[in-house]
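> Residue numbers (our numbering): 5 to 486. Even for Gly, the Cβ is constructed at its ideal location relative to N, Cα and C.
(1) Check the C-beta distance from residue 389 over to residue 245 and give it rounded, since I have them as a contact under 8 Å.
(2) Considering only residues of the segment 262–319, which uninterrupted alpha helix (DSSP H) runs meet the minimum length of 4 residues and lie entirely inside it, listed in chain order?
(3) For residue 65, I'd like the list of residues in its chain whose CB is within less than 6 Å of its CB, leaving aside the five on either flank, ordered along the chain.
(4) Grouping DSSP H, G and I as helix and E and B as strand, with all else coil, what is residue 348?
(5) How would you label residue 482, buried or exposed, when you count the other beta carbons within 10 angstroms and need 16 or more for buried?
(6) Going by the beta-carbon positions, is the gap between residue 153 and residue 137 smaller than 8 Å?
(7) I think residue 229 touches residue 426, with their Cβ atoms under 8 Å apart; what is that distance to the nearest whole Å?
(8) From what residue to what residue does the beta strand (DSSP E) around residue 398 run?
(9) What is the DSSP secondary structure of residue 252, reduced to helix, strand or coil?
(10) Going by C-alpha distance, which of 86, 22, 134, 444 is nearest residue 301?
(11) Which residues does DSSP pair with residue 335 in a beta bridge?
(12) Would you check if there are 3 or more beta carbon pairs closer than 8 Å linking the segment 408–422 to the segment 157–174?
(13) Can you list, in chain order, the residues of its chain whose CB lies under 7 Å from that of residue 161, leaving out five sequence neighbours each side?
(14) Pick helix, strand or coil for residue 417, following the three-state DSSP scheme.
(15) Once the 5 residues before and after residue 116 are set aside, which same chain residues still bring their CB inside 7 Å of it?
(16) According to the Cβ coordinates, are residue 366 and residue 249 closer than 8 Å?
(17) With DSSP collapsed to three states, give me the class of residue 494.
(18) Beta strand (DSSP E) containing residue 436: first to last residue?
(19) Identify which residue in 335, 135, 297 has its Cα closest to the Cα of residue 310.
(20) With 16 other CB atoms within 10 Å as the buried threshold, where does residue 88 fall?
(21) Measure the C-alpha to C-alpha separation of residue 338 and residue 225 and round it to an integer number of angstroms.
(22) Does the ligand GTP have a heavy atom nearer than 7 Å to the CB of residue 455?
(23) How long is the line joining the alpha carbons of residue 247 and residue 241, rounded to whole angstroms?
(24) What does a CB cutoff of less than 6 Å around residue 281 pick up in its chain, not counting 5 residues either side in sequence?
(25) Could you have a look at residue 476 and say whether DSSP puts it in helix, strand or coil?
(26) Under the three-state reduction of DSSP, which class applies to residue 342: helix, strand or coil?
(27) Please classify residue 72 as buried or exposed, where buried requires at least 16 other C-beta atoms within 10 Å of its C-beta.
(28) Output yes or no for whether 8 Å exceeds the beta carbon distance between residue 150 and residue 188.
(29) On the CB-based measure, 16 or more other CB atoms within 10 Å of its CB, does residue 257 come out buried or exposed?
(30) Here's the rule: buried if 16 or more other CB atoms are within 10 angstroms of the residue's CB, otherwise exposed. What is residue 354?
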């Protein structure tokens with residue numbers, strides 16, 4: 005949250021009002037809501053506590069405290085607040101919806117459905133309840149009901165360009181395909197299981213880039229970008245899995261060969277944070293103007309990256325449960341092919357065996373598809389195609405962010421030949437953990453100073469606990485690079 009003059013003035017007004025009258029529940033509620041909107045949930049809870057002590061029937065204070073608890077993943081406390089609201093006001097549709105949302109977070113999907121049903125019975129135009137019920141229905145494989153709920157949501161939604169509208173349209177199209185082609189559901193489930201095995205669960209990731217790109221993102225506040233999969237450096241990208249699966253949609257027509265164009269996901273390449281200063285990676289990816297080791301490595305907080313991205317796309321300060329959407333921004337390990345099998349570096353043998361069993365089953369499912377079915381399924385396979393590479397790259401132990409691009413503006417960089425397609429994500433300064441300057445960076449101390457003071461200036465305007473406790477480290481590499 006950025007501290008501005010308006011922020012200071014508003015906070016001073018709240019503080020002054022409470023100092024003049026500390027017996028007003030409404031004043032504590034208003035300041036708590038202010039903190040909630042700034043995502044300062046602990047401060048918000050303190051103020052809602054005071055409001056409730058002064059007025060134990062203050063429904064809005066329970067509601068906002070419940071949202072604050074939920075955002076801190078303190079779900080039992082959130083559920084307790086929603087239960088209290090329902091006791092005080094049985095006709096509160098929002099309380100049922102929020103309780104349903106929180107129940108999805110703890111895996112109680114059946115009771116979540118019942119709460120969404122109740123919310124909709126109270127308010128038949130409650131579009132968020134339709135949206136969230138659709139997500140849970142899909143989770144439970146109730147595909148027809150999920151499609152009906154997305155369609156209801158879209159009918160109730162104004163014809164604007166928001167992120168959830170685009171998600172609902174994309175989900176509706178995919179659900180229609182699954183309902184019409186039940187075979188597609190089995191393949192989709194296999195792909196989801198493969199993705200679960202490849203999940204990256206460490207707190208930080210590192211991105212190697214040029215010094216010019218780092219300057220743009222840090223000093224000039226440019227947003228982090230992802231390029232479409234077609235623009236990755238290695239021309240074999242995305243093909244290793246298709247080769248293993250013996251999967252192709254190519255049609256031979258007399259003397260020509262044609263292949264259908266399929267949109268690819270947008271890919272971000274990272275490594276684990278313990279590889280932030282690595283000679284091989286400096287040679288491969290830490291370049292400036294094609295000169296090796298003159299770039300830098302940016303280490304970021306993974307979960308904060310995802311949270312900030314979701315907040316940008318869904319900026320309303322409301323509790324939203326999106327079990328299906330959460331997986332749309334996820335970091336995955338890359339698996340490498342050795343002979344006829346894939347392996348995840350440093351993973352237990354049991355996990356690698358399970359991965360190969362799933363891939364073998366996927367291959368068997370694909371072998372019986374006709375040409376039209378192959379064209380349908382290729383979009384689903386593209387979701388994981390970029391998570392598999394040849395054994396020559398195993399040392400990198402790469403981690404990837406795969407984004408389908410739904411809800412993002414596709415930008416075409418026309419000055420390059422061929423033109424480049426990319427999407428813009430978020431500002432990286434709030435999520436930076438560490439900057440490592442390459443061993444061949446000239447006048448590295450001056451670069452470090454510029455980065456340091458610019459970040460400090462920005463962070464003085466920040467209030468989040470993570471940023472206060474985790475100052476950005478700046479490291480100048482002295483690896484013996486020749």
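So, from the data block:
(1) About 5 Å separates the Cβ atoms of residue 389 and residue 245, confirming a contact at the 8 Å cut-off.
(2) 283–288, 306–317, all fully within the segment 262–319.
(3) Excluding its 5 nearest sequence neighbours in each direction, residue 65 has C-beta neighbours in its own chain below 6 Å: 33, 52, 55, 56, listed in chain order.
(4) Correct three-state label for residue 348: coil.
(5) Counting Cβ neighbours within 10 Å, residue 482 comes out exposed, since fewer than 16 surround it.
(6) When the beta-carbon positions are compared, residue 153 and residue 137 come within less than 8 Å of each other.
(7) With 8 Å as the limit, residue 229 and residue 426 qualify as a contact, their Cβ atoms being about 5 Å apart.
(8) Where residue 398 is concerned, there is no enclosing beta strand (DSSP E), given that its DSSP letter is neither H nor E.
(9) It is coil, neither helix nor strand.
(10) Closest by alpha carbon: 444.
(11) Answer is 405.
(12) Short answer: they touch.
(13) Same-chain partners within the cutoff: 131, 169.
(14) The answer is strand: DSSP assigns residue 417 an E or B state.
(15) Non-local C-beta neighbours of residue 116 in its own chain, meaning closer than 7 Å and more than five positions away in sequence, comprise 104, 107, 108, 140, ordered along the chain.
(16) With respect to the 8 Å criterion, residue 366 and residue 249 are classified as neighbours on the basis of their beta carbons.
(17) Look at the range of the chain in this structure, 5 to 486, and you will see that residue 494 is not part of it.
(18) Residues 436–441.
(19) Among 335, 135, 297, the Cα nearest to that of residue 310 belongs to 335.
(20) Counting every other CB atom within 10 Å of its CB across the protein chains shown gives residue 88 a total of 16 or more, marking it as buried.
(21) Approximately 30 Å between the Cα atoms of the pair.
(22) Summarising the ligand content, the structure contains no ligands, and the ligand GTP is consequently not present.
(23) Taking the straight line from one Cα to the other gives about 11 Å.
(24) Contacts found: 440, 481.
(25) Coil.
(26) Residue 342 falls in the strand class under three-state DSSP.
(27) It is buried - the Cβ of residue 72 has at least 16 other Cβ atoms within 10 Å.
(28) Their beta carbons are not under 8 Å apart, which means residue 150 does not touch residue 188 by this criterion.
(29) In this prediction, residue 257 scores a pLDDT of 39, lower than 50, which makes its location untrustworthy; no coordinate-derived value is stated.
(30) With fewer than 16 other beta carbons inside 10 angstroms of its own, residue 354 counts as exposed.
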